[in-house]
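J.: Residue numbers (numbering that gives the first Met the number 0), protein chains in the order written: chain A, 0 to 155; chain B, 0 to 155. The C-beta atom is built at its ideal place from N, Cα and C for all residues, glycine as well. What follows is a structure written as structure tokens; I'll ask about it next.
Protein chains: 2
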Amino acid sequence: MIEIERKFLVTSDAYKSEAFKQSRIVQGFLNTHKERTVRVRIQGDKGFITIKGISSSDGLSRFEWEKEISVIECENLLKLCEKGSVEKIRYEVKLGTHIFEVDEFYGDNEGLVIAEIELSNETEAFEKPSWLGKEVTGDIRYYNSQLSKQPFKTWH
Amino acid sequence: MIEIERKFLVTSDAYKSEAFKQSRIVQGFLNTHKERTVRVRIQGDKGFITIKGISSSDGLSRFEWEKEISVIECENLLKLCEKGSVEKIRYEVKLGTHIFEVDEFYGDNEGLVIAEIELSNETEAFEKPSWLGKEVTGDIRYYNSQLSKQPFKTWH
Chain A
0 MIEIERKFLV
10 TSDAYKSEAF
20 KQSRIVQGFL
30 NTHKERTVRV
40 RIQGDKGFIT
50 IKGISSSDGL
60 SRFEWEKEIS
70 VIECENLLKL
80 CEKGSVEKIR
90 YEVKLGTHIF
100 EVDEFYGDNE
110 GLVIAEIELS
120 NETEAFEKPS
130 WLGKEVTGDI
140 RYYNSQLSKQ
150 PFKTWH
Chain B
0 MIEIERKFLV
10 TSDAYKSEAF
20 KQSRIVQGFL
30 NTHKERTVRV
40 RIQGDKGFIT
50 IKGISSSDGL
60 SRFEWEKEIS
70 VIECENLLKL
80 CEKGSVEKIR
90 YEVKLGTHIF
100 EVDEFYGDNE
110 GLVIAEIELS
120 NETEAFEKPS
130 WLGKEVTGDI
140 RYYNSQLSKQ
150 PFKTWH
């Protein structure tokens with residue numbers, strides 16, 4: 000139930016042609032407290048409820064619990080969420096033994112693209128694709144829960 | 000996904016001998032916002048996550064979504080909850096076609112006993128047991144999410 004993840008900005012759209020899968024994600028938050036978030040997500044034809052805890056001090060690891068639920072349940076729960084849903088297209092790119100999830104945001108977060116990689120431990124090495132930019136692991140501005148409240152378009 | 004419920008104080012402990020079932024409940028809240036609550040509950044040997052919306056203006060009906068999860072998942076999620084868990088023994092009493100759930104609170108809510116009945120519509124009649132006291136439907140002080148923050152013992 001502990002997730003270890005590193006997060007990066009993206010410098011070109013080359014990831015699109017390298018992706019083996021893409022899906023649309025719509026998500027809302029029942030809670031965006033910094034110590035615990037409760038997320039409702041529709042991804043393609045599946046629904047999920049996900050609870051995350053506070054990050055470790057280096058931002059690398061975080062408690063995460065997720066359960067698949069129906070899309071209809073998700074739609075009902077999304078109505079209950081705080082204002083500010085997050086919409087994005089997720090591209091999945093395989094590189095070596097890892098998968099990068101590259102999220103291209105829409106709506107109020109248009110212009111933002113973030114790549115994430117899940118690791119099995121905090122020091123695990125991984126191959127870096129050409130389009131991988133600056134690391135933003137642990138920067139809470141890039142948390143989806145924060146992007147729902149302070150979207151990318153308001154940053155400038 | 001809409002719950003219709005009426006809530007009452009209790010005037011004697013006669014419900015205990017009338018109960019056909021009793022179970023211990025420990026619950027915490029990931030969110031106690033007035034527009035949405037996210038509750039984690041262990042009841043006997045089962046675990047649940049429950050999301051409730053805002054009540055109707057008369058306090059009678061409320062959006063509710065619940066999913067059974069494992070007790071171990073619950074224990075992990077309880078660690079993440081806001082301070083102030085709620086502990087109670089629930090007695091279930093059958094009367095006619097209805098079941099009253101009578102919650103006897105412990106810890107910081109000791110002394111409080113609340114009976115609840117779930118109805119299929121807002122005008123449905125039901126038989127009243129001898130121990131049923133004042134109705135408190137819609138009084139948010141008696142919401143378990145509020146009792147976790149402002150327990151009964153602090154009311155006086």
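Could you tell me which chain B residues have their CB closer than 7 Å to the CB of G43 of chain A, listed as they occur along the chain?
T.: Within the first sequence, residue 43 of chain A is the residue found at index 44, counting from 1. Within 7 Å Cβ-Cβ: nothing; G43 of chain A doesn't reach chain B, min ~21 Å.
J.: Pull up the DSSP beta-bridge partners for H97 of chain B, would you.
T.: The count along the second sequence starts at 1 and reaches residue 97 of chain B at position 98. Paired residue(s): B:L94.
J.: Tell me the start and end of each unbroken beta strand (DSSP E) in the stretch 105 to 151 of chain A that is at least 3 residues and wholly inside, in chain order.
T.: Segments of the beta strand (DSSP E) lying fully in the stretch 105 to 151 of chain A: 112 to 118, 131 to 134.
J.: Is it true that the CB of V85 of chain A sits closer than 7 Å to the CB of N143 of chain A?
T.: For this step, residue 143 of chain A is matched to residue 144 along the first sequence. For this step, residue 85 of chain A is matched to residue 86 along the first sequence. In contact: N143 of chain A and V85 of chain A (Cβ atoms closer than 7 Å).
J.: Where does I48 of chain B land, buried or exposed, given buried means 16+ other C-beta within 10 angstroms?
T.: Stepping through the second sequence from its first residue, residue 48 of chain B is reached at position 49. Buried, because 16 or more other Cβ atoms sit within 10 Å of the Cβ of I48 of chain B.
J.: If we call anything under 7 Å between Cβ atoms a contact, is P150 of chain A one with D107 of chain A?
T.: The sequence position of residue 150 of chain A within the first sequence is 151, counting from 1. The sequence position of residue 107 of chain A within the first sequence is 108, counting from 1. Yes, these two residues count as a Cβ contact at 7 Å.
J.: So is L79 of chain B in contact with chain A if we call contact Cβ pairs under 7 Å?
T.: Reading the second sequence from its first residue, position 80 is the one you call residue 79 of chain B. For L79 of chain B, the answer is yes, since a Cβ of chain A falls inside 7 Å of its Cβ.
J.: Measuring only between beta-carbons, confirm whether N75 of chain A sits less than 7 Å from chain B.
T.: If you number the first sequence from 1, residue 75 of chain A lands on position 76. Judged by the 7 Å Cβ criterion, N75 of chain A is in contact with chain B.
J.: Cβ of L118 of chain B less than 7 Å from any chain A Cβ?
T.: Here residue 118 of chain B refers to the residue found at position 119 of the second sequence. Output row for L118 of chain B: interface = no.
J.: For the alpha helix (DSSP H) that S16 of chain B lies in, which residues bound it at each end?
T.: Position 17 of the second sequence, counting from 1, holds the residue named residue 16 of chain B. Looking at the DSSP string, the run of the alpha helix (DSSP H) that includes S16 of chain B is 14 to 17.
J.: In chain order, which beta strand (DSSP E) runs of at least 3 residues are fully inside the stretch 56 to 89 of chain B?
T.: As far as the stretch 56 to 89 of chain B is concerned, its whole beta strand (DSSP E) runs of at least 3 residues are 60 to 68.
J.: So which residues of chain A does G52 of chain B contact, with C-beta pairs closer than 7 Å?
T.: Within the second sequence, the letter at position 53 stands for residue 52 of chain B. By Cβ distance, chain A contributes L79.
J.: Looking at V92 of chain A: is its Cβ nearer than 7 Å to the Cβ of Y141 of chain A?
T.: Along the first sequence, read from residue 1 onward, the residue named residue 92 of chain A stands at position 93. Along the first sequence, read from residue 1 onward, the residue named residue 141 of chain A stands at position 142. Cβ distance not < 7 Å, so V92 of chain A and Y141 of chain A don't count as in contact.
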